[in-house]
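Shown next, in structure tokens, is the structure this report addresses.
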Amino acid sequence: MVQISILSGKQAGAVAVARRFPFGVGRNCDADLCLEEDGVWERHLELVLEMPEGFLLRANSNALTTVNGQPTRQSFLRNGDVIELGPVKIQFWLSQMRQIDLRLREFLTWFALAALCAAQVALVYWLIR
103 MVQISILSGK QAGAVAVARR FPFGVGRNCD ADLCLEEDGV WERHLELVLE
153 MPEGFLLRAN SNALTTVNGQ PTRQSFLRNG DVIELGPVKI QFWLSQMRQI
203 DLRLREFLTW FALAALCAAQ VALVYWLIR
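Under this note's numbering, the first residue of the sequence shown carries the number 103, and numbering increases by one thereafter.
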């Protein structure tokens, strides 16, 4: 998942999570992230998942967009990049993934291996008699 942290503007401090792509950002409330600020276009930009390269930012051709202070129409994003859409700054983050607790599965695997070894030892002793 991708997190978009809003750094400035009316919604500063808010965090949006992108679970589906393309992820649209703009003034239009149909966008995935709606920013009602002067200088933000209706459909300012979108984030697209391009495999295997990564996340691609595609800006509207007329919209002022910068990534880390560099004007851009299209660029691949890295973790922590700051994107400016007119007066609003947002930050692109790859969110932390929850790790599944596998202790029970590991315990059952080791238990099954120990039982298998014990069964083999018992079979060897039974065949020797």
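Here a beta-carbon is modelled for each residue, glycine too, at the ideal position from N, C-alpha and C.
Own chain residues within Cβ distance below 8 Å of residue i, not counting five before or after
i           : result
residue 114 : 108
residue 213 : none
6 Å CB neighbourhood of residue i in its chain, flanking five on each side removed
i           : result
residue 124 : 148 and 150
residue 179 : 157, 159 and 194
CB contact flag (residue i, residue j, <8 Å)
i           : j           : result
residue 190 : residue 139 : yes
residue 119 : residue 105 : yes
residue 167 : residue 187 : yes
residue 169 : residue 177 : yes
residue 204 : residue 181 : no
residue 111 : residue 137 : yes
Simplified DSSP assignment, three categories, for residue i
i           : result
residue 167 : strand
residue 198 : coil
residue 222 : helix
residue 118 : strand
Contact set for residue i: own chain, Cβ-Cβ below 7 Å, skip 5 residues either direction
i           : result
residue 162 : 143, 145, 146 and 147
residue 121 : 103
residue 132 : none
Span of the beta strand (DSSP E) around residue i
i           : result
residue 187 : 184–187
residue 128 : 125–128
residue 177 : 176–178
Ranges of the beta strand (DSSP E) found wholly within the stretch 134–159, counting only runs of at least 3: 147–152, all fully within the stretch 134–159.
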